[in-house]
Amino acid sequence: MEALGLRDDMGDKSAIAAQNSLQLIAFSIGEQTYGVEITTVREIRAWNGATPLPNTREFVRGVINLRGTIVPIFDLRARFGDGQTSPTKNHVVVVMSVGDKWVGILVDAVSDILTVSRDDIHNVPEGNSIDTELLNGIVTHDSRMVGLIDLHAVVSGAKMDG
Amino acid sequence: MSDLDDFKATYFDECSELLTELEEQFAAIEAGERDADRLNAVFRAIHSIKGGAGAFGFSALVGFAHAYETLLDYVRDGRIEMSDDVVALCIRANDIVADHVKAAQTGEPLPADYGMDEKERFDALARGDAAPGDDEGGDPLEEFDIEFTPVMVNLDAPQAAAAGEAPVDDAFEASPMQVEPGHWEVRFTPHRALYARANDPLLLFRELAALGEMHVRAVLEDIPPLADFEPFAVYCSWEITLISPALTEAMIREVFEFVEGDCDIAVVQLGGAAVGFDIPPAAEPAAAKPSAKAMLAANQEPDPADLLALADDEVASLLDFDVAAPAAPQPAFAPEPEAAPVSAQDSFEQAPGLSFAELAETIQPSPVARPAAPAATPLRAATPTAPSEGEESGGNRSNGVQSIRVDLDKVDRVVNMVGELVITQSMLTQQMDETLRARYTELVRGLEVLAQTTRGLQDSVMAIRAQPVKSVFSRMPRLVRELATKTGKKIKLETIGENTEIDKTVIEQLSDPLTHMIRNSADHGIETPDKRLARGKSETGTIRLSAEQAGGNILIIVEDDGAGINRERVLQVARDKGVVAPDVNPTEEQIDQLIFAPGFSTAEALSDISGRGVGMDVVLSNIKKIGGSVHVRSWTGKGTRMTLRLPLTLAVLDVMLVKVGESPYVVPLSSIVETIQCSRASFERVPSGGQVLQVRGEYVQVIDLARRFEMVTETDPENRFVVLCEAEGSAKVALIVDDIIGQQQVVIKSLEENFERVDGIAGGTILGDGNVALIVDVQGLKTTIVHKNAA
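So, in C-alpha cells, the structure goes:
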C-alpha cells in the first residue's frame, strides 16, 4: 500500500509539499547504489537459500518461508540484466510490501538510510527503456547517484511467457 | 443497535436453516410423504420465520408468511386437502418467503406486489375450503369460528366473580360434582412481547379448539378508558374452557409452545388442582435436576429399570412434599408410578422459582373445585401418554443444547494451529534416527503417542468444519424449478448422498459451480418434452446430483439424461474462437473438456439462463482454487456426466516428498497410484520425442519433471523413480523424479498470495526444516502437455 502511495504522491504536487523529505533504504548491487522508500520495507534478512520456482524468468530466485508465508525472491542484479547473483551468506534479502503482496529482493548489501528532499528527485534520462521502466527517479546523495527502484516494475513479468 | 444487529444476524442464520428444512420437508412431501409430522415441521418453520420477522419489523415478510401460515394451518387440520396443486403452491411460497428473507437481509425491497398472486391464492383456497360462513380477511375476531360462549372461570378471579361482570355458566357453577375428568380451564394472559413477535392468539385458540369442545371468554375488565389507552399495551386476556376426555395438560401446553415466555398461562383441571405460574422467559426446563424426563431426553430408549428407580426417588420426594403441605388433601397415587411422577415432576420443573410450600398452596384445590373429586387431585396429568411425550420433546430439547454457534474465525484459528502442530510433529518424527531410537526408548514412545493424539486432534478439528453438502444441495431444487419454468422443459432433480460431509470452505465454494453445472444441464443437456418423446425418452428429464466420498476426495456428480454434448458443434465453436488450432484433432474426451475453456459457449441463442460464455470456466476456476478438478463425460443422445473431485479438507494434505534436481517437491498422495524404480520400468519412444511408459499393458504419458521444470540435474538415471499418478478421468501420467524422500503431511500455502500462479505447481508448503517445497499440479502438468502437443 505504501508503495502505491509513494507513486501517487510523486505525481501530486501538494503531497510533495506536505511531506517534502523522503527516507530511503539504500542498498548496493556491485558498485551502484539503489534505494526504496523506507516505509515499504518490512524486514531485512541474510540470504539463506530459496526454493527455485520452475518455468519462471531467471531473476525469480525462488521462494522462501517467511514465518509461515511463502514469499518470492527477486534477484535485482538479474532483473537489471546483469546475470544471476551468486549469493553468499553475506548477501541480503530486503523484504518489502508491493501493493498487498510481500516480496523479497536479493541485493549485495544494505548500505545506509538516506534522507533526501523530494524536490531533489530527478527524472530518469530517456534513452534505455530498462532504466525508465525500472527506476522511478534518481536522487543524488554524497555526490553519488541513487536510483529509486520502481518495485511494481521489478516484480512484474516474472513468468516465462509473460 | 449493535445488539439488535447481532440478533438480526442470528435470525437470518436461523432463517437459512429453516428454509433449508422447508426444502427438505417439501422434497419429501412432493415425493408423497404427506404425514402430519412433515406438515407440522413446515408449519413450525414458517411460524418461526414469521415470528422473528415480526420482531424486526419486516412487515412484507410477516404479511406473506402469515397468509402462508394460515393456509398451512387449514391444510394441517384437514380443511384443505394436500393436493398436488397445493404442494406446488407451497413450494412456490417457500421461494417467495426465501426472497422476502433475502430482501430483508440485504435491505433491497422487493416489488410491493411481490408474491401477491400467491397470497391471493392462499386466501382463495382458505375461503373456498374453509367452513361455510367463515369470512376470511376481516377483523381477526370475525374469522374466529369457534363458539364464543363466555364462561366463568374460577381461577384466581374472585374479583370478577364478586363483581358479577362475567356471565356465569350455571350448570358448571352449580354442579361441580358432575364435572368430568377431561375438563380443563386455561387462563391465557399474553404479554406485549407475544404480539411483538407476530404471534396471533387466534391461531392458538384454533389449535386449542382442535383438542376438544372449547369455550372462550375474553377478559376485558382491564381495558382502561380511551384517554389512558396505551397503543402497544396489552389489556386483554382470555379464559378458555376445554372439554375432552383424553386431554392432558401437556397437550394444552404444547399449543402454547411457541409463545412460552411471552405470556402467562395457567392450566387448571376442573375438579382437580389449579397450578398457576409464570413461565420465566429464560428458564430452560430441561436444565433442571435429573429427573425421569431429563433421562428420557438423554436416552432415546430409556432403560425401564433405571426409570423405575428414578421414579421411586421422585415418589419419595413427592411424599416429602406432602408432609410439607399437610393442608393439601392426601394425594391418591395413580396405579402407574412410572407415569405419574413424571408429570408431577413436570410441574416442578416448569416452576423452578416456587418452593414446595408455595407449590403446595397452589396445588391446593380451589374452593370451587374442592368438592369435585379429591381423589383425582394432584396427579392430574397422569396418563400413560406422558412418558412418550417426554421422550419426544426431550429429544428435541437435547438437540438444542448439544450444538453451539461458534464464529468461524475461531474454528479456523484452531484448524491452522493444529495444521502447524501436525507438521511439527512429523518433523520431530523425522529427526529420530536409529541411534536416538535405541537410546531414548521413552522419548520414542512419547513421540508415537504424540503422533496418534495429533492425528486424532486433527480429525476432530476437521470434523468441526465438516458440513453435510445438504446445505448446498438444498438450494438446487429451487433452481431446477425455475429453470424448468423458464425453458418450458420438464425436469426432475434427484439428490443422492446429501449427508456427505465436506469442509465448510469447500462447501462455500461449491455453490456457484454447482449452479452453473445444473444450469448447463437444464439448458443444454435436457431436451424439450416433445424432442424427448420423439427420441423415445420419458417426457421429464432427470438431473441427478450426487455426492460420495472416494478416498481422500469427495466426488460431486451432476448427471443428466439429456442429449449429451454435441461434439461437432463444440469443436466447431472452439475452432472459430481460436480455442483449438485448425490443424489439431482432439480426442472425444478432450472435446468434452473444451466446454470448460474460458470464453467458450455453444449456446446458439444466448439464453437468459446460460450461454453467456462465463459459467463453465467459472466452474473450472472455482474448483481449481480449492484444489479440486472437473471431469466431464458425455454419451451422445444419452446424457452427460460432470464429476467434481474435491479434497476432503483444505488444511492438510498427505503428500509424498520427492526431489527434482536438488529441490524438494511434494506430490499429493491422493493422486499417486504407485512408484516404480526407473531401472525396472519399461519406457518406449514415441515420434514426438517423448517417452511412454508401459505399465501392465497400458501406455502412459511420461513427464520428466527435471526437464519439465528446466532444472540442471546430474542424477544417476538408474536411480531415478517413476511416480505413477492418476489425473482426471482416470487418465494416468508418469512423473519422473530424482529421488523419493518419504511421506508426510503438509499444510498448503498459496503461492499466489505473494506471487502468481506458476504452471505445473499447485502451491507451496513449508517443510519441517523451514524450507519451502512446491506441490506438483498433476492435472495441470498433463493438460499443458496436451496443449503443447496441440500447438
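So the sequences go chain by chain: S and B. Going by our numbering, the first residue of the first sequence is number 5, and it counts up by one from there. Going by our numbering, the first residue of the second sequence is number 324, and it counts up by one from there. From the three backbone atoms N, C-alpha and C, an ideal C-beta is built for every residue, glycine too.
When you compare only the Cα positions, how much space is there between residue i and residue j?
i	j	result
leucine 917 of chain B	leucine 833 of chain B	21 Å
aspartate 977 of chain B	valine 410 of chain B	48 Å
asparagine 59 of chain S	arginine 83 of chain S	16 Å
aspartate 328 of chain B	glutamine 428 of chain B	11 Å
leucine 1097 of chain B	glycine 1013 of chain B	24 Å
histidine 156 of chain S	threonine 43 of chain S	15 Å
methionine 405 of chain B	leucine 856 of chain B	30 Å
isoleucine 946 of chain B	glycine 960 of chain B	27 Å
valine 1035 of chain B	isoleucine 1064 of chain B	20 Å
arginine 788 of chain B	glycine 864 of chain B	35 Å
aspartate 54 of chain S	glutamine 753 of chain B	For clarity, residue 54 of chain S is alanine in the given sequence; the question names aspartate instead. Each residue's alpha carbon lies about 22 Å from the other.
aspartate 906 of chain B	valine 896 of chain B	14 Å
leucine 345 of chain B	aspartate 735 of chain B	30 Å
So for residue i, helix, strand or coil by DSSP?
i	result
threonine 429 of chain B	helix
histidine 95 of chain S	coil
histidine 514 of chain B	coil
glycine 962 of chain B	strand
valine 1015 of chain B	strand
glutamine 753 of chain B	helix
methionine 785 of chain B	helix
threonine 60 of chain S	strand
glutamine 1067 of chain B	strand
phenylalanine 84 of chain S	coil
asparagine 140 of chain S	strand
threonine 998 of chain B	strand
phenylalanine 579 of chain B	coil
lysine 982 of chain B	strand
isoleucine 888 of chain B	coil
proline 800 of chain B	helix
alanine 368 of chain B	helix
cysteine 413 of chain B	helix
glutamate 862 of chain B	coil
tyrosine 437 of chain B	coil
Would you verify that the beta carbon of residue i is, or is not, closer than 8 Å to some beta carbon of chain B?
i	result
tryptophan 106 of chain S	yes
proline 174 of chain S	No statement about residue 174 of chain S is possible, as the shown extent of chain S runs from 5 to 166 and does not include it.
valine 75 of chain S	yes
valine 158 of chain S	no
glycine 72 of chain S	yes
isoleucine 68 of chain S	yes
threonine 89 of chain S	no
threonine 37 of chain S	no
threonine 170 of chain S	With chain S covering only 5 through 166, there is no way to say anything about residue 170 of chain S.
threonine 55 of chain S	yes
State yes or no: is the beta carbon of residue i nearer than 8 Å to at least one beta carbon in chain S?
i	result
leucine 1097 of chain B	yes
aspartate 1082 of chain B	yes
asparagine 876 of chain B	no
serine 986 of chain B	yes
lysine 1072 of chain B	yes
glycine 1013 of chain B	no
glycine 901 of chain B	no
glycine 386 of chain B	no
What's the call for residue i, buried or exposed, on a 16-neighbour Cβ count within 10 Å?
i	result
alanine 705 of chain B	With a pLDDT of only 39 at alanine 705 of chain B, under 50, the local geometry of the prediction cannot be trusted, and no value is derived from it.
alanine 449 of chain B	buried
arginine 1043 of chain B	buried
glutamine 88 of chain S	exposed
lysine 860 of chain B	buried
aspartate 1100 of chain B	buried
glutamine 1066 of chain B	exposed
arginine 399 of chain B	buried
lysine 93 of chain S	exposed
Could you round the C-beta distance between residue i and residue j to whole angstroms and report it? I think they count as a contact, below 8 Å.
i	j	result
tryptophan 561 of chain B	alanine 541 of chain B	5 Å
methionine 799 of chain B	leucine 868 of chain B	6 Å
threonine 963 of chain B	isoleucine 880 of chain B	Wrong, their Cβ atoms sit about 11 Å apart, outside the cutoff.
alanine 1029 of chain B	aspartate 1061 of chain B	6 Å
Whose Cβ in chain A lies nearer than 8 Å to the Cβ of residue i?
i	result
isoleucine 1059 of chain B	No chain A is part of this structure, whose protein chains are labelled S and B.
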